[in-house]
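For the sequence shown, my numbering begins at 67 and goes up steadily by one.
What follows is a set of notes on a single structure, which appears directly below.
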Amino acid sequence: MEQNNAGMESKMEKSSSLSIRGVMEVFYKPADFFKELKDHPKILVPYIVFVLVTFVSLFLLKDLIVEVQTSSPQFQEQMSKAGQAVTPEMKSMMTMSTLIFGTLAMSLYPLLVAALALFFGNFVFAGKGSFKKLLSVSLYGGILYMIGSMIIIPMALAKGSLMVSFSLAVLVTDLRLESVAYTALSKISVFHIWEIIVVGIGFGVIYEFPRNKGITLAVLSVGMLSVIHIGFAAIGAMFS
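Below you can see the structure in the form of structure tokens.
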């Protein structure tokens, strides 16, 4: 009995630490981590970490983001028609809006990835997976992407521009940040590919799919959001 109790306590301790351990283990042993996560899906801690990392990233880049917003032709045209100038108060409000609404918008990302994975995994591929487990995988994949992407922040701050990327977008730096071509090429990045592979491993574990099928599912979920983003950029370009 004592051995059984000790074993149960050990498993409980290992499970309780999984939330925090996963933030690191998703980087260097995702397959083993997701196998453990399958039986003990975590939501609260990874969501908090994801939101915090997102907020910190936006906070560090807030001045550059506001600069891009205020220097866009559309914004300049609106200000010109209104006969107004950009004031420090206006910039302060735009900064707060960027931090609050930017963080809220990004917090929906793991939910959308999990919802798409559930649709394709359960209804298209005829698998059996729960939304909670898929959301847990999506959250840790999102954390990996956000932390990895933070490498760009010092480069952007040093350059004084958001036009810094570990993607094919570096080939078209003469384009504007919001252009369709730049948006599309920015999705072919080291961090996007890394996220898709890791999330694909997780989805494969959850559904007990072969790894290539799990990565296909990740492409259909994570990749679909990238396609939607490009679509919005195209629509915006049509009305600019």
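Virtual Cβ for every residue (Gly too), placed ideally from N, Cα, C.
If you're wondering where the values come from, they're calculated on a predicted model, not measured in any experiment.
- Under DSSP, the beta-bridge partners assigned to S233 are S255.
- The Cβ neighbour count for A148, taken over all protein chains shown within 10 Å, is under 16; the residue is labelled exposed.
- Within 10 angstroms of the beta-carbon of T282 lie 16 or more other beta-carbons, which makes it buried.
- Restricted to the region 263-292, not a single beta strand (DSSP E) segment is unbroken, complete and at least 3 residues in length.
- For Q140, the enclosing alpha helix (DSSP H) begins and ends at 139-148.
- Rounded to whole angstroms, the gap between the alpha carbons of L127 and M145 is 23 angstroms.
- Sequence-distant Cβ neighbours of Y206 in its own chain, meaning closer than 6 angstroms and more than five residues away, are G88, V92, P112.
- Taking L178 as the centre and dropping the five residues before and after it, the same chain places the C-beta of L291 closer than 7 angstroms to its C-beta, in chain order.
- Three or more beta-carbon pairs drawn from the region 194-210 and the region 95-115 are found closer than 8 angstroms, and the two stretches are therefore classed as touching.
- By the C-beta criterion, the region 131-145 is judged not to be in contact with the region 246-257, since fewer than 3 inter-stretch pairs fall below 8 angstroms.
- By the C-beta criterion, the region 163-174 is judged not to be in contact with the region 258-271, since fewer than 3 inter-stretch pairs fall below 8 angstroms.
- For S163, the enclosing alpha helix (DSSP H) covers residues 154-173.
- With 16 or more other Cβ atoms inside 10 Å of its own Cβ, T120 counts as buried.
- A direct Cα-to-Cα measurement between V230 and L223 gives close to 10 angstroms.
- Taking 9 angstroms as the cut-off, the Cβ atoms of I296 and L228 do not count as close.
- When DSSP states are grouped into helix, strand and coil, L228 belongs to the coil group.
- The beta carbons of S287 and V271 sit no closer together than 9 angstroms.
- Around the Cβ of P220, a 10 Å sphere holds fewer than 16 other Cβ atoms; the residue is exposed.
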